[in-house]
Every structure is written in C-alpha cells, then in structure tokens.
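So in the UniProt record's numbering, spot 173 of the sequence shown is number 173, and the numbers just go up one at a time. The beta carbon of each residue, even a glycine, is placed where N, CA and C say it ideally should be. Predicted, not measured: the structure shown is a model, and the values here were computed from it. Here's the structure we're looking at; comments come further down.
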Amino acid sequence: MASSVGPSSLLRSRPWIPVDIGDSRFLCKSWFGRMQYHVFLLDGECLWEDQMEAEGIQTRAQELNRRLRASTESFFSHLVSVVIPFLTGSRHGHGTGSGPDHVTLHRAENHMTLRLKSELAGLPFYWEFHCCPAPVSAVCGQLVRPLLVMGGALQRQVDILFKLLQRKDAEIQDYRENGAQLTRGTPTTEHRIWVLPLLLDQDSSLNFSSDLSDLFSCIVSQLNPTKRKRQNSGQEEEEGEKGDGPLVEEEEKTGQMKGLDEGWNISDKKNLWDSVLNPIQEGNHVRKSEL
C-alpha cells in the first residue's frame, strides 16, 4: 500500500453499521483496499473477524470458482461491488432472496461462514468469508475502549447541560424576585426521576443510531495518535489515493457531531463538543469540563 496508514487503523475509524444477514442482526464494519479486506461482525455474543490479502484472495477465488477464468483483480472487483451493499445495510441479505446476489449464514462452533453467491460473466460466482472470533486486543481496540470513552463524553455533556439549566433557572428566579412578569406559566425546569427500565430500549436487537455512530467515529479519531498528528499538522487523510485503489470508500469525516444536540437551546454546538472531547486529547484522562 502506498498509504502510510495500515488497514487496522483505517478500519478502526469506520462506523459500526447495523445489517441483517439471514435471520441474524449484526453490527458490521468493513474495509476494502486494493486486493485486501478486513471485516468485523458483532452479533452481541462474539466479535467475528475475517481478513485476507492478495495471495489468500487468489487461492480462495480459484478454489471456489474453478469454472471461471478471470484475473484475481476481476474476481476481487466483482466481490467488492456485490458484497458492499450487504455489509453496509443498503441491501438486506435474507436467505436466497429474489435476485442473483445473495448471502447465507452458516454457524459452527467457534466459526461462522458467510457464503456469497452471484454471477460473473454469466457463470455462478462464489465467495466465502471465514469468520473466527477476534482476539481480545481487537475487541478492546474496536469496541471496549471507544465505548468507555464515549460513555464518559456523554456524561460530561449531560453535566454541561445540567449546569446550563441550573444557570437558566437561577436567572428566572432572579427575574421573579425583582418583580418581572413571566409570560409562561412554568418556565423553570421540571426535574424528574427516571426508573432505569424505562430508559432502556425494549428492543434488544443490535442497533447503532447515526448520531451515536458519528460520536463513536469522532472519539476513535481522537484516540488514534497517528491520525490526530496528521490532523493537527493540517494534512488531509488520503485513503482513496492510488495505493489504496478506487474501491476504498472515503473515510468518515470526523468532528461532525450533527444531530446529537438538536432541539437543545445551545448556540454554539461545536464549542460544546470541543469541551466534551478535549480531555481525550490530553493523555485520554477523563476530566470534568468547566463552563
């Protein structure tokens, strides 16, 4: 690869996307470069992983498609064009489906296989993703650490908003004490005590809203020292350069926390999230942000 950034680093900044394969719901993140790929699938019980490079892709393509005569690059290009819709949730991979392209899921002990069937040059094309449990280091790097930091960031955001509400209530009370006539009957904040079960989504299926996905990607980029160094020096990420090929999707832009605070009466959203995420940049220590 011409890029100085490895596949693992690029994959780490990818968002988790909910996808349905067969009767199973997964959170998926994938990266496809030039003649290599890396895929993660999370089913709530295990983080599954499959990654291959050029030599392995060539061997598997020849083993599964003995009737086809094409270059390995043609095999891989077709594979990417067919499988991307399944792995990004833009197409549902339920069983055989009605079209020529479909993915089936097969589980075994400590192993999971995604079998893709398509057509290439009028002949059947087959591919299999052989997924094994990811190592603990991958689970921590791809899930545990970012989620812990994200929980802390959301808590600090709640603290900031709570302080803003306290300030607002104090100003309203000051207006009242000075004889001001308020047009609204109950302008002060109504405090409620929420029971935990009421806050939990009754739907236990795996899901990751676009808002949380944006925050997750932003946090991962802050935790990535190599990428942060390039950002601070003003260099743009060039993931789609010639060394990676045209198959690589453009990397998610970070720092765009759109929608997370929609509806809140906060004039400067960027400053709010900067104050929440800034502690991550200094040794990743969790500290309360002061208004």
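Query	Result
Where the beta strand (DSSP E) through A108 begins and ends	H102 to A108
Nearest-angstrom Cβ-Cβ length linking L123 and L161, presumed shorter than 8 Å	Between L161 and L123 the Cβ distance is about 59 Å, and since that is not below 8 Å, they are no contact.
Simplified DSSP state of C46, which is helix, strand or coil	coil
With 16 other Cβ atoms within 10 Å as the buried cut-off, status of Y37	buried
Distance between K29 and R107 (C-alpha atoms, nearest Å)	19 Å
Status (buried if at least 16 other CB within 10 Å, exposed otherwise) for S210	exposed
Residue environment, S221, which counts as buried when at least 16 other CB atoms sit within 10 Å	buried
As assigned by DSSP and simplified to three states, the class of S9	helix
CB contact check: P100 to chain D, cutoff 8 Å	No chain D is part of this structure, which consists of one protein chain only.
S74, enclosing alpha helix (DSSP H) - first and last residue	T72 to L87
L47: CB within 7 Å of a non-hydrogen atom of the ligand NAP	For the ligand NAP, the structure offers nothing, since it holds no ligand at all.
Three CB pairs or more closer than 8 Å across the stretch 124-132 and the stretch 51-65	yes
Rounded straight-line distance, which links the Cα of P85 to that of F26	14 Å
Nearest residue (CA-CA) to C218, options V149, V144, D43 and R34	V149
Assigned secondary structure, Q222 (DSSP; H/G/I helix, E/B strand, else coil)	helix
Rounded C-alpha distance that separates L10 from L143	15 Å
Whole-angstrom distance between E53 and M35, CA atom to CA atom	6 Å
Span of the alpha helix (DSSP H) around S137	V136 to V139
Nearest-angstrom Cα separation, counted from R12 out to L47	14 Å
Q51 in three-state terms, based on DSSP	strand
Euclidean distance between Cα positions of R60 and Q157	48 Å
Inter-residue CB distance, L223 and R145 (contact presumed, cutoff 8 Å)	7 Å
As assigned by DSSP and simplified to three states, the class of T113	strand
Assigned secondary structure, F162 (DSSP; H/G/I helix, E/B strand, else coil)	helix
L212 vs T189 beta-carbon contact at 8 Å	no
Cα-Cα separation, K117 to G44	26 Å
Presumed contact (8 Å Cβ cut-off) between E49 and C131, rounded CB distance	6 Å
H111, buried or exposed, once every other Cβ within 10 Å from all chains shown has been counted against 16	exposed
Straight-line Cα distance separating G151 from P18	20 Å
Cross-strand partners of E119 (DSSP beta bridge)	P124
Cα-Cα separation, S71 to L87	24 Å
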